[in-house]
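Chemist: First the structure, then my questions, so here it is.
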Amino acid sequence: MSAVSRRAFLSTGVRWSACLPAAMLTVQSGLVAAATPVFAGNRPRQPRVYTRSDWKADPPRSKAEVLDHAPDRLVVHHTATANTGPTDLDAAFRLSRTIQRYHMKHNGWEDIGEQFTVSRGGYVMEGRNRSLPAVESGKHVMGAQAADHNDHTLGIETEGTYTSSLPPDRQLSALTALLAWLCDVYALDPHEAIIGHRDLNRTACPGDRLYAYLPRLRDDVARRLGGHGAGRDEPPPPRLALPGDPEQRPALIGDLPLEHGPAVGPHDLAY
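Number 111 in the working numbering belongs to position 111 of the sequence shown; there are no gaps in the numbering.
See the structure below:
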């Protein structure tokens, strides 16, 4: 089935999980078996995404703009926050509230900047308002996470600071599952679509260690999509930032570090 027809299917508002047998359809109230399989083979199921209502988001200053096209890049960020502390669901919800408060009150944005956040405990949260329904209909919410590229990129915050260490296994697993689902919904090649924030802007985000892991992440996502292109030798998409950008420690404002760290001046100004 083509990407266009798949998006047309998704626009009906029905969630689809193709890795279930007999092509079962996922709807808000549970699972409903389809009479006829929609796709052949296994495809990534939608991961559990906790909505803005779940984590008690503040109302945005305005509704996010929904663009009638898919993003072509999935941007991996890190939050430049501590790699210690609680990793339970309540901690994940507090993280999303903290990021939203910082983005709205300090940065002066309309809402939280990114479309999704993945906590160190492996929980996935919806970020900017209208993000989850937009993905489910094959569309794109305009975020505030990559300067000059927000109209065609979707941003994922990865909780932590990954300059010299990798995210925990459960966080990497959740990030991989989220990226596989997004690549499937939008019919994206993970080797072209998955990039780091530093590929677009002058920043050290998502940290040297996580950035160096992106080729493995692309391969893992490709395997979840059926293995097409996994392990290929082609280079990743070209960087648009300086390759020698230095990594610096996060600058503290109160108890909250500047998100992603101030690689070249205050990082929030790079958006």
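Just so it is clear, CB atoms sit at the ideal spot from N, CA and C, and this is done for glycine as well.
(1) For the putative contact between Leu179 and Ile194, defined by C-beta atoms under 8 Å, what is the C-beta separation to the nearest angstrom?
(2) Pull up the distance between the alpha-carbon of Pro60 and that of Glu110, whole angstroms please.
(3) So the alpha helix (DSSP H) Ile99 belongs to, where does it begin and stop?
(4) Alpha carbon to alpha carbon, how far is Gln171 from Leu217? Give it in angstroms, no decimals.
(5) Cα separation between Ala212 and Thr161?
(6) On a CA-only basis, which of Gly226, Arg97 and Leu67 is nearest Ala134? Give me that one, please.
(7) Alpha carbon to alpha carbon, what distance is there between Gly226 and Ser62?
(8) What is the residue span of the alpha helix (DSSP H) that Leu74 lies within?
(9) For the segment 39–56 against the segment 146–160, are there 3 or more C-beta pairs whose distance is under 8 Å?
(10) Just to confirm, are Asn201 and Ala147 a CB contact at a threshold of 8 Å?
(11) Taking the continuous alpha helix (DSSP H) assigned at Leu166, which residues delimit it?
(12) For Ile99 and Val124, what's the separation of their Cα atoms in angstroms?
(13) Under 8 Å by Cβ, that's how I've got Val76 and Thr158 pegged, so tell me the actual separation to the nearest angstrom.
(14) Could you give the distance in angstroms between the alpha-carbon of Asp220 and the alpha-carbon of Gly85?
(15) Run through the segment 157–218 for me and flag every whole beta strand (DSSP E) of 3 or more residues, listed as ranges in chain order.
(16) Tell me which residue opens and which closes the alpha helix (DSSP H) that Glu136 is part of.
(17) Just to confirm the assignment, what range does the beta strand (DSSP E) spanning Glu126 have?
(18) Since Thr117 is in the beta strand (DSSP E), which residue starts that stretch and which ends it?
(19) May I have the straight-line CA-CA distance separating Glu136 from Gly196, to the nearest angstrom?
(20) Go ahead and label Gly207 buried or exposed: buried means 16 or more other beta carbons lie within 10 angstroms of its beta carbon, across all protein chains shown.
(21) Can you round the beta-carbon distance between Thr163 and Arg209 to whole angstroms, since I take them to be within the 8 Å contact cut?
Modeler: Considering the structure as presented:
(1) 6 Å
(2) Taking the Cα positions, Pro60 is about 6 Å away from Glu110.
(3) Leu89 to Arg101
(4) Going from the Cα of Leu217 to the Cα of Gln171 covers about 12 Å.
(5) 14 Å
(6) Leu67
(7) For Ser62 and Gly226, the distance between alpha carbons rounds to 39 Å.
(8) Per DSSP, Leu74 belongs to no alpha helix (DSSP H); it is in the beta strand (DSSP E), Arg73 to His78.
(9) no
(10) yes
(11) Element bounds for Leu166: n/a, residue is neither H nor E.
(12) Between the alpha carbons of Ile99 and Val124 lies a gap of roughly 14 Å.
(13) Indeed, because the Cβ distance is near 6 Å, the residues count as touching under 8 Å.
(14) 28 Å
(15) 194–196
(16) Ser131 to Glu136
(17) Val124 to Glu126
(18) Segment Phe116 to Val118, the beta strand (DSSP E) holding Thr117.
(19) 23 Å
(20) buried
(21) 6 Å
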